[in-house]
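Notes follow the structure.
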Amino acid sequence: MDNRKERYSKSIRGDRDERDRTKHHHERSHEGSKRKDREEENGTARATNKKSRFEDVARFENRPYTCSIASETTSGQIIVAVKRFQELAHKQTKGFVLRVDALGREIDEHGNKILKPHQLEVDPQENPYFDPRISISKNKILRPKRMSFKEKQSHLKKAEDADMNTNLIELSERVTREEEPIPDFLEWWDAKILTDDTINELSCDPNILIMETITENHLNMKVFNCHIEHPFPIEPPAEAASPPPQPLKMTKEERKKLRTLRRVAKEMEKREMISQGRVEPQKSKVKMSNLMKVRASEATQNPTKLEKEIRTEAAEREQAHMDRNVARKLTPAEKREKKERKLFGDPTTVVETIVSVYKINKKLSDPKTRFKVRMNAKQNILTGCSVMMDGMSIVVVEGKRKAIERYKKLMLKRINWEEAEKKEDEEENGGNKCCLVWQGSVEKPSFHRFHVQECLTKSDAKKVFNDAGVAHYWDLALNYSDD
């Protein structure tokens, strides 16, 4: 019971305190509003006293703004006006801003079109470089050049007028030309086969052969024989055809890619043939290593029989592989032809004959060197001769380019000419050496085979070349000097 009384008394005291606080707040706000009114009245008086001072400041700063305050304005409005005036006094002027509409015309900040003046800003008469003799329309100066659209097909008409040749237009009557005279009653090619009587009759009446049929009596039969003339065919005049385009040379990567694409296309064609039933599908290659993966069910039922079948199929595949290799194997004649084609080029193509003339400072007395010179010429299928005499030797070879290059390497690099001769000969005449005198191409070979000939005198050696029709080879080698 006592607790309930205490709670009740506390609630009453709290309500009383809340009412006191609300009353005090209202009184304080009322006093603040009175104080604010008194401040506004004092501000109005101060603004009235300072009116002239603001106007003096505006005139001193050369500002286009002035401040005029009415006597009936309130103190708040005066304060706002003063702040606005201070902002305008310190505000910087903005630069020129160009505004255009959708049509490209100049407009102001409110969107209105700005009309351009109809007078020039600068009088051209005041320009010291102005020439009054050159007249310019004021419309062109005041009005800029506008966009002009061409009429349809106007350019085509101008082009046709330009292409028209005025010389072709008839300005006067045409000059009458004289008609060509009527040809003679008899052509020159007919006079050779007609008789004299027929020609005399035609001179009297040209229509005689038209009314009557030509017979043997009208023709001179002596000029006719059993031979038929076939004129030599002449090709019509025409420009030579342009050469065909050169094949594109591919790189190694491009060749590999092309080969892969070709193999893929071949495999796809094979699969398509199998799917259409035109080719029998290839049997699966079963080996002992993949037996349980491919045919697991059959391997568990009868493994011995399945193993025998797999080994038989493997043997058949191996035998088929060996048969294909034997079928592709070249015959001895084909092997020989392939080797010759590799060493000397394609024999079917027409190639030029290359000739090389070598001069050796000494006689080919060493049998080993003589054997190399003769046997290499025979192996490379070269024709020519080797002429030996005291103090000099000449070797001439003819053949294809590849063989000539191999023989050249033999004569100039492989054979050691200094070691080939005996020491006593070297002491007498000096070191031995081989030089290439001349190398070039000829129309056809002059020798039928390669032969070695030993001569006692220079006249005998020259006779060998004269008999072959190549005496100039001897002159070249004889007059050649290595210096």
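Reminder that position 444 of the sequence shown reads as 496 in the numbering used here, one-by-one numbering, no gaps.
Cβ coordinates follow ideal geometry from the N, Cα and C atoms, glycine included.
Out of F499, K414 and D418, the CA that lies nearest to the CA of V448 is found in F499.
Residue state for V449 is assigned as strand, using DSSP reduced to three classes.
A straight line joining the alpha-carbon of T352 with that of R388 spans about 56 Å. P399 has its alpha-carbon roughly 10 Å from the corresponding atom of K390. If one requires a minimum length of 4 residues, the alpha helix (DSSP H) runs lying completely within the segment 412 to 469 are 419 to 431 and 453 to 461, in chain order. In this structure, the alpha-carbon of V132 lies about 10 Å from that of Q138. Around the beta carbon of L208, fewer than 16 other beta carbons sit within 10 angstroms, so the residue counts as exposed. For the set E368, N428 and C256, the Cα lying nearest the Cα of R466 is the one of N428. For E495, there is no enclosing beta strand (DSSP E), since its DSSP letter is neither H nor E. In this chain, V522 is not harboured by any beta strand (DSSP E), its DSSP state being neither H nor E. Distances from the alpha-carbon of T267 to those of K415, E281 and T247 put T247 closest.
Under DSSP, C256 shares a beta bridge with no residue.
Between K415 and S445, the beta carbon gap of about 6 Å places them in contact (Cβ cut-off 8 Å). For F396, the enclosing alpha helix (DSSP H) has its first and last residue at P384 to F396.
Between the C-alpha atoms of A348 and M340 there is a straight-line separation of about 12 Å. Collapsing the DSSP output to three states places S511 in a helix. C-alpha of D534 to C-alpha of V409: approximately 14 Å in a straight line.
Note that the segment 518 to 525 does not touch the segment 452 to 463; fewer than 3 beta-carbon pairs, one per stretch, sit closer than 8 Å. Residue state for S408 is assigned as strand, using DSSP reduced to three classes. In the DSSP assignment, Q505 falls within the beta strand (DSSP E) that extends over F502 to E506. Relative to the Cα of E370, the nearest Cα in the group K337, R311, E291 and H503 belongs to K337.
Between L464 and L488, the C-beta gap is smaller than 8 Å, which places the two residues in contact.
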